[in-house]
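Below you'll find the structure, written out as C-alpha coordinates, and then a few comments.
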Amino acid sequence: MSAAERILDALFVVTASDKPMSANEIAAALDVPLSTAYRHIAVLKHYDLVVDLGREAGFAPGIGCWRIGRGFDDNRFLATLAEPEMRALAARTQESVGLMRAAAGDVYCAEMIESPLSLRCSFVKGSAQPLRAGASAKSLLAFMSQARRSAALKNGPTGAALQKLEADLAAIRSQGYAESESEVDFGVWGVSAPVFSAPGQMECSLTVMVPVIRVGDRREEFIAATVASAENITKLLASSEYSQKGNG
13 MSAAERILDA LFVVTASDKP MSANEIAAAL DVPLSTAYRH IAVLKHYDLV VDLGREAGFA
73 PGIGCWRIGR GFDDNRFLAT LAEPEMRALA ARTQESVGLM RAAAGDVYCA EMIESPLSLR
133 CSFVKGSAQP LRAGASAKSL LAFMSQARRS AALKNGPTGA ALQKLEADLA AIRSQGYAES
193 ESEVDFGVWG VSAPVFSAPG QMECSLTVMV PVIRVGDRRE EFIAATVASA ENITKLLASS
253 EYSQKGNG
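Structure representation (C-alpha coordinates):
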(Lines of atoms letter the chains of each structure in order from A and count residues from 1; the text may use other names and numbers.)
(Lines give C-alpha, C1' and ligand atoms only; values in the text may rest on other atoms or scores of the structure.)
Protein backbone atom coordinates (compact mmCIF):
# COMPACT_ATOMS: atom_id res chain seq x y z
CA MET A 1 0.00 0.00 0.00
CA SER A 2 1.36 3.40 -0.98
CA ALA A 3 1.76 6.36 1.39
CA ALA A 4 -1.10 8.14 -0.39
CA GLU A 5 -3.39 5.14 0.12
CA ARG A 6 -2.54 5.00 3.83
CA ILE A 7 -3.34 8.70 4.20
CA LEU A 8 -6.66 8.18 2.41
CA ASP A 9 -7.40 5.31 4.78
CA ALA A 10 -6.90 7.72 7.68
CA LEU A 11 -9.29 10.19 6.05
CA PHE A 12 -11.92 7.47 5.55
CA VAL A 13 -11.63 6.49 9.21
CA VAL A 14 -12.18 10.06 10.41
CA THR A 15 -15.05 10.83 8.03
CA ALA A 16 -16.83 7.55 8.79
CA SER A 17 -16.91 8.26 12.52
CA ASP A 18 -20.01 9.86 14.02
CA LYS A 19 -17.85 11.73 16.53
CA PRO A 20 -14.34 13.25 16.68
CA MET A 21 -11.54 10.70 17.08
CA SER A 22 -8.36 10.85 19.13
CA ALA A 23 -5.01 10.09 17.52
CA ASN A 24 -4.90 6.85 19.51
CA GLU A 25 -8.28 5.81 18.10
CA ILE A 26 -7.16 6.60 14.57
CA ALA A 27 -3.95 4.64 15.05
CA ALA A 28 -5.90 1.67 16.43
CA ALA A 29 -8.40 1.75 13.56
CA LEU A 30 -5.55 1.77 11.03
CA ASP A 31 -3.43 -0.70 13.02
CA VAL A 32 -0.39 1.59 12.78
CA PRO A 33 1.94 3.15 15.37
CA LEU A 34 0.77 6.41 16.94
CA SER A 35 3.65 8.29 15.30
CA THR A 36 2.48 7.08 11.87
CA ALA A 37 -1.08 8.16 12.60
CA TYR A 38 0.16 11.63 13.52
CA ARG A 39 2.07 11.88 10.21
CA HIS A 40 -1.09 11.00 8.29
CA ILE A 41 -3.10 13.49 10.34
CA ALA A 42 -0.53 16.23 9.66
CA VAL A 43 -0.95 15.79 5.90
CA LEU A 44 -4.74 15.82 6.16
CA LYS A 45 -4.64 18.94 8.35
CA HIS A 46 -2.41 20.68 5.78
CA TYR A 47 -5.15 20.27 3.16
CA ASP A 48 -7.96 21.19 5.60
CA LEU A 49 -9.37 17.67 5.32
CA VAL A 50 -9.07 17.15 9.08
CA VAL A 51 -9.38 19.69 11.87
CA ASP A 52 -7.92 19.43 15.38
CA LEU A 53 -10.66 20.21 17.89
CA GLY A 54 -8.31 20.05 20.85
CA ARG A 55 -6.87 17.43 23.17
CA GLU A 56 -10.21 16.66 24.81
CA ALA A 57 -12.24 16.44 21.59
CA GLY A 58 -9.89 14.98 18.97
CA PHE A 59 -9.91 15.15 15.17
CA ALA A 60 -12.90 15.64 12.87
CA PRO A 61 -13.50 16.21 9.14
CA GLY A 62 -12.27 19.66 8.09
CA ILE A 63 -13.59 22.34 5.78
CA GLY A 64 -11.83 20.68 2.84
CA CYS A 65 -14.26 17.76 3.14
CA TRP A 66 -17.15 20.21 3.09
CA ARG A 67 -15.75 21.84 -0.07
CA ILE A 68 -15.50 18.44 -1.75
CA GLY A 69 -19.05 17.60 -0.70
CA ARG A 70 -20.34 20.94 -1.93
CA GLY A 71 -18.65 20.38 -5.28
CA PHE A 72 -20.36 17.00 -5.59
CA ASP A 73 -23.73 18.51 -4.70
CA ASP A 74 -23.18 21.32 -7.22
CA ASN A 75 -22.39 18.83 -9.99
CA ARG A 76 -25.44 16.72 -9.17
CA PHE A 77 -27.69 19.80 -9.09
CA LEU A 78 -26.34 21.13 -12.39
CA ALA A 79 -26.65 17.75 -14.08
CA THR A 80 -30.21 17.23 -12.84
CA LEU A 81 -31.30 20.70 -13.90
CA ALA A 82 -29.59 20.51 -17.31
CA GLU A 83 -30.51 16.93 -18.24
CA PRO A 84 -33.92 17.61 -19.88
CA GLU A 85 -32.43 20.33 -22.09
CA MET A 86 -29.44 18.11 -22.88
CA ARG A 87 -31.72 15.26 -23.92
CA ALA A 88 -33.75 17.62 -26.10
CA LEU A 89 -30.56 18.89 -27.75
CA ALA A 90 -29.29 15.33 -28.32
CA ALA A 91 -32.63 14.37 -29.88
CA ARG A 92 -32.64 17.48 -32.06
CA THR A 93 -29.08 17.03 -33.32
CA GLN A 94 -28.80 13.23 -33.02
CA GLU A 95 -25.33 13.85 -31.57
CA SER A 96 -23.67 13.46 -28.17
CA VAL A 97 -24.10 16.28 -25.67
CA GLY A 98 -21.84 16.89 -22.67
CA LEU A 99 -22.01 19.18 -19.65
CA MET A 100 -18.41 20.19 -19.03
CA ARG A 101 -16.83 21.87 -16.00
CA ALA A 102 -13.40 23.19 -15.10
CA ALA A 103 -11.42 22.10 -12.05
CA ALA A 104 -7.98 23.64 -11.57
CA GLY A 105 -6.18 22.92 -14.85
CA ASP A 106 -8.58 20.26 -16.14
CA VAL A 107 -11.89 20.06 -17.96
CA TYR A 108 -14.12 17.19 -16.86
CA CYS A 109 -17.47 15.78 -17.88
CA ALA A 110 -20.22 16.30 -15.30
CA GLU A 111 -22.95 14.73 -17.46
CA MET A 112 -23.17 13.07 -20.87
CA ILE A 113 -26.07 12.20 -23.16
CA GLU A 114 -24.80 9.98 -25.96
CA SER A 115 -25.88 10.06 -29.58
CA PRO A 116 -28.28 7.27 -30.59
CA LEU A 117 -26.19 6.67 -33.72
CA SER A 118 -23.65 3.85 -33.86
CA LEU A 119 -20.85 6.17 -35.00
CA ARG A 120 -20.66 8.77 -32.26
CA CYS A 121 -18.31 10.90 -30.21
CA SER A 122 -18.48 11.02 -26.45
CA PHE A 123 -16.61 11.99 -23.31
CA VAL A 124 -16.82 9.53 -20.42
CA LYS A 125 -18.70 11.03 -17.47
CA GLY A 126 -16.27 11.86 -14.69
CA SER A 127 -13.21 11.74 -16.93
CA ALA A 128 -10.90 14.73 -17.32
CA GLN A 129 -8.26 16.12 -19.64
CA PRO A 130 -6.00 19.18 -19.55
CA LEU A 131 -7.78 22.52 -19.90
CA ARG A 132 -5.93 23.45 -23.07
CA ALA A 133 -7.40 22.34 -26.40
CA GLY A 134 -10.84 21.61 -27.78
CA ALA A 135 -14.13 23.49 -27.82
CA SER A 136 -15.08 22.61 -24.23
CA ALA A 137 -11.76 23.74 -22.75
CA LYS A 138 -11.69 26.96 -24.75
CA SER A 139 -15.28 27.83 -23.91
CA LEU A 140 -14.56 27.35 -20.21
CA LEU A 141 -11.31 29.32 -20.37
CA ALA A 142 -12.87 32.15 -22.36
CA PHE A 143 -15.72 32.81 -19.96
CA MET A 144 -14.11 32.19 -16.56
CA SER A 145 -12.67 35.10 -14.58
CA GLN A 146 -9.23 36.44 -15.49
CA ALA A 147 -7.81 35.33 -12.14
CA ARG A 148 -9.14 31.81 -12.56
CA ARG A 149 -7.92 31.65 -16.16
CA SER A 150 -4.42 32.78 -15.16
CA ALA A 151 -4.30 30.08 -12.48
CA ALA A 152 -5.53 27.42 -14.92
CA LEU A 153 -2.89 28.39 -17.48
CA LYS A 154 -0.07 28.77 -14.96
CA ASN A 155 1.82 25.79 -16.38
CA GLY A 156 0.42 26.17 -19.88
CA PRO A 157 1.59 27.93 -23.04
CA THR A 158 3.91 30.92 -22.93
CA GLY A 159 5.11 33.60 -25.31
CA ALA A 160 3.59 33.59 -28.78
CA ALA A 161 1.50 30.49 -28.04
CA LEU A 162 -0.10 32.20 -25.05
CA GLN A 163 -0.76 35.35 -27.07
CA LYS A 164 -2.50 33.28 -29.77
CA LEU A 165 -4.59 31.47 -27.16
CA GLU A 166 -5.64 34.76 -25.54
CA ALA A 167 -6.62 36.11 -28.97
CA ASP A 168 -8.65 32.96 -29.63
CA LEU A 169 -10.38 33.28 -26.27
CA ALA A 170 -11.22 36.93 -26.93
CA ALA A 171 -12.83 35.92 -30.24
CA ILE A 172 -14.80 33.19 -28.46
CA ARG A 173 -16.11 35.69 -25.90
CA SER A 174 -17.15 37.97 -28.73
CA GLN A 175 -19.10 35.33 -30.67
CA GLY A 176 -20.47 33.53 -27.62
CA TYR A 177 -19.25 29.99 -28.33
CA ALA A 178 -16.15 27.92 -29.14
CA GLU A 179 -15.68 25.34 -31.85
CA SER A 180 -12.85 22.99 -32.71
CA GLU A 181 -11.93 20.19 -35.08
CA SER A 182 -9.52 17.35 -34.26
CA GLU A 183 -7.84 19.37 -31.50
CA VAL A 184 -8.26 16.65 -28.88
CA ASP A 185 -9.41 13.59 -30.84
CA PHE A 186 -8.84 13.21 -34.56
CA GLY A 187 -12.01 13.34 -36.61
CA VAL A 188 -14.11 15.01 -33.93
CA TRP A 189 -15.75 18.41 -34.35
CA GLY A 190 -17.24 20.18 -31.37
CA VAL A 191 -19.11 23.32 -30.42
CA SER A 192 -19.38 24.54 -26.84
CA ALA A 193 -21.35 27.39 -25.27
CA PRO A 194 -21.14 28.74 -21.71
CA VAL A 195 -23.80 28.35 -19.03
CA PHE A 196 -24.10 31.07 -16.38
CA SER A 197 -25.77 31.19 -12.97
CA ALA A 198 -25.61 35.01 -12.95
CA PRO A 199 -24.13 37.68 -15.23
CA GLY A 200 -20.42 36.99 -15.53
CA GLN A 201 -20.66 33.87 -13.34
CA MET A 202 -19.85 30.97 -15.66
CA GLU A 203 -20.62 27.54 -14.17
CA CYS A 204 -20.07 25.10 -17.02
CA SER A 205 -20.22 24.69 -20.77
CA LEU A 206 -22.62 22.73 -22.94
CA THR A 207 -20.87 20.84 -25.74
CA VAL A 208 -22.09 18.99 -28.81
CA MET A 209 -19.59 16.45 -30.20
CA VAL A 210 -19.91 15.34 -33.81
CA PRO A 211 -17.89 13.07 -36.13
CA VAL A 212 -16.38 15.43 -38.72
CA ILE A 213 -17.91 13.43 -41.56
CA ARG A 214 -21.41 14.33 -40.31
CA VAL A 215 -20.92 18.07 -39.87
CA GLY A 216 -21.16 19.19 -43.50
CA ASP A 217 -23.75 21.92 -44.02
CA ARG A 218 -25.20 21.36 -40.53
CA ARG A 219 -22.42 23.36 -38.83
CA GLU A 220 -24.54 26.49 -38.33
CA GLU A 221 -27.46 24.36 -37.15
CA PHE A 222 -25.29 22.67 -34.50
CA ILE A 223 -23.92 26.01 -33.31
CA ALA A 224 -27.33 27.69 -33.07
CA ALA A 225 -28.90 24.72 -31.28
CA THR A 226 -26.05 24.49 -28.76
CA VAL A 227 -26.07 28.20 -27.97
CA ALA A 228 -29.87 28.19 -27.58
CA SER A 229 -29.79 25.21 -25.22
CA ALA A 230 -27.00 26.76 -23.14
CA GLU A 231 -29.08 29.93 -22.85
CA ASN A 232 -32.10 27.88 -21.74
CA ILE A 233 -30.05 26.20 -19.00
CA THR A 234 -28.71 29.61 -17.97
CA LYS A 235 -32.28 30.85 -17.53
CA LEU A 236 -33.11 27.82 -15.39
CA LEU A 237 -30.02 28.38 -13.25
CA ALA A 238 -30.69 32.08 -12.85
CA SER A 239 -34.16 31.37 -11.48
CA SER A 240 -33.00 28.58 -9.16
CA GLU A 241 -31.68 28.56 -5.62
CA TYR A 242 -28.26 27.71 -7.05
CA SER A 243 -27.61 31.26 -8.26
CA GLN A 244 -28.67 32.66 -4.89
CA LYS A 245 -26.03 30.58 -3.08
CA GLY A 246 -23.12 32.30 -4.81
CA ASN A 247 -21.73 29.11 -6.35
CA GLY A 248 -19.13 28.88 -9.06
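Heads up, the sequence shown is in the numbering used here, so the first residue is 13 and it goes up one at a time.
Heads up, the beta-carbon is just placed ideally off N, CA and C, and yes, glycines get one too.
Bear in mind the structure is a predicted one, so any value in this text is a computation, not a measurement.
First through last residue of the beta strand (DSSP E) which encompasses residue i
i	result
G202	V200 to A210
Q213	Q213 to P223
E178	E178 -> not in any beta strand (DSSP E); alpha helix (DSSP H) instead, spanning G171 to Q187.
Sub-7 angstroms separation of residue i and residue j beta-carbons
i	j	result
S157	A190	no
P32	L65	yes
S127	Q106	yes
V109	A103	no
C133	P73	no
E195	G117	no
L56	L93	no
L177	P169	yes
V220	F198	no
Cut-off 8 angstroms between Cβ atoms - residues of its own chain near residue i, not counting five sequence neighbours on either side
i	result
V25	M33, I38, A41 and L42
A35	L46, A49, Y50, I53, G70 and F71
S3	This structure cannot speak to residue 3, because the chain is shown only from 13 to 260.
Contacting residues, own chain, Cβ-Cβ under 7 angstroms from residue i (five flanking each side not counted)
i	result
L90	L111, A122, E215 and C216
P206	S151, F155, M214, S217 and A242
G285	In the structure as shown, the chain begins at 13 and stops at 260. Residue 285 is therefore absent and cannot be evaluated.
L20	none
CB-CB length for residue i against residue j, believed under 8 angstroms
i	j	result
L143	L153	6 angstroms
V227	W201	5 angstroms
S6	S204	Residue 6 is absent from the structure shown; the chain starts at 13 and stops at 260.
A264	A210	Because the chain in this structure spans residues 13 to 260, residue 264 falls outside the shown range and cannot be described.
A164	A236	Not a contact, Cβ separation roughly 28 angstroms.
Sequence-distant residues of the same chain with beta carbon closer than 6 angstroms to residue i, five excluded per side
i	result
F208	M214 and T246
I125	M98, R99, A102 and V109
R161	L153
Y59	G76
Segment limits, alpha helix (DSSP H) that includes residue i
i	result
A116	Neither: A116 is in no alpha helix (DSSP H) and is coded neither H nor E.
E37	A35 to L42
F135	Taken as a continuous stretch (DSSP letters only), F135 belongs to no alpha helix (DSSP H), as it is neither H nor E.
A15	A15 to A28
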